[in-house]
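In what follows, a single structure is set out as structure tokens and then discussed.
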Amino acid sequence: MKPEEFYQALAAKKIDLNENQKKQFEIYFHELVETNKVMNLTSITEEDQVYLKHFYDSLILDFVDEKLLTEKLTLCDVGSGAGFPSIPLKIVNPNLKITIVDSLNKRIKFLDGLVNKLGLDNVTLVHGRAEEVGKNKLYREKFDVVTARAVAALNVLNELCLPLVRVDGTFIAMKSEKATEELEDATYSVQVLGGKVTDQKSFELPNDEGIRNFIFIDKVKDTPNKYPRKPGTPSKKPLVK
Ligand code: SAM
């Protein structure tokens, strides 16, 4: 997907990027590939692949949840790596207030430089493990929306993400093909952590690049204080019955 095709694919979804936004994606691509020469950020570096598998892929969230496109929501992106999905979402909807959590400081430093070059405001970068950030009063149960792409299996992810969602907010897990199996293994963790699965949506990537699945988990009550458990425990001992 060349940049022109990216603009057209978004326009087909009623997202018309202005010149500044197009420029921001261009700068993002440039920064990502240049920094990737000296720091491992992504294995995807060809322009048409970055536009499809990082930029467009991140923005599918706007197609499956239109609130993200216009509203002034607080959004936390757990395990954002080089900024996916939250930075593309922020470029498209400058009203979003985003917080990015990642345990690798070099990625947070990359994002710090990127956010400055893109001229984005209302972006908070937090270096830390989601298990610790989810205990911190500044962030616990504070966000309207929490997202995570390619971070962990859903029964682990629930413990990293649901503590950050405010009651009545939503955790949206971005998954590839195996979403249904992952959901079966995650039913217990959803319930224990105060969530309720409310929706599941699928979206086909262009050019036969596969299916993306989105699992919507609403926060229906507070997460018990003992969660998240200490760093590493959610993945070593996932919450399963
Ligand atoms: N979301 C990005 C994407 O889709 O390209 C990055 C995915 S990358 C495979 C996973 C990221 O999650 C890494 O940057 C890693 O440092 C971060 N991560 C993994 N476990 C974490 C945890 N417990 N707390 C915070 N970040 C975590």
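The letter at position 185 of the sequence shown is residue 191 when you use our numbering, and the numbering goes up by one with no holes. No residue lacks a Cβ here, since even glycine has one placed at the ideal position from N, Cα and C. Predicted, not measured: the structure shown is a model, and the values here were computed from it.
In this structure, the ligand SAM has a non-hydrogen atom nearer than 7 angstroms to the beta-carbon of R135. Using a cutoff of 7 angstroms, the CB of R235 does not count as near the ligand SAM, since none of the ligand's heavy atoms is closer than that. Per DSSP, the continuous alpha helix (DSSP H) segment holding E37 begins and ends at E25 to N42.
Residue environment: E188 is assigned as buried (16 or more neighbouring CB atoms within 10 Å of its CB, all protein chains considered). Secondary structure of T176 (DSSP, three-state): strand. Counting of Cβ neighbours within 10 angstroms places I106 among the buried residues, the total reaching 16 or more. Of the candidates A156, F12 and A192, the residue whose Cα lies closest to the Cα of N164 is A192. Within the segment 105-175, the complete beta strand (DSSP E) segments at least 3 residues long are 129-133 and 149-155, listed from N- to C-terminus. Within the same chain, and ignoring the five residues on either side of T239 in sequence, the residues whose Cβ sits closer than 8 angstroms to its Cβ are E137. In the three-state DSSP reduction, L58 falls in the helix class (H, G or I).
Cα atoms of D22 and I97: separation of roughly 12 angstroms, rounded to the nearest angstrom.
Within 7 angstroms of the C-beta of A159 there is not a single heavy atom belonging to the ligand SAM.
Excluding sequence positions up to five before and after N42, its CB lies within less than 7 angstroms of the CB of T48 and T51, all in the same chain and listed in chain order.
In summary, S182 is exposed, with fewer than 16 beta-carbon neighbours lying within 10 Å of its beta-carbon over all protein chains present. The C-beta distance from A154 to G85 rounds to 6 angstroms, short enough to fall under 8 angstroms.
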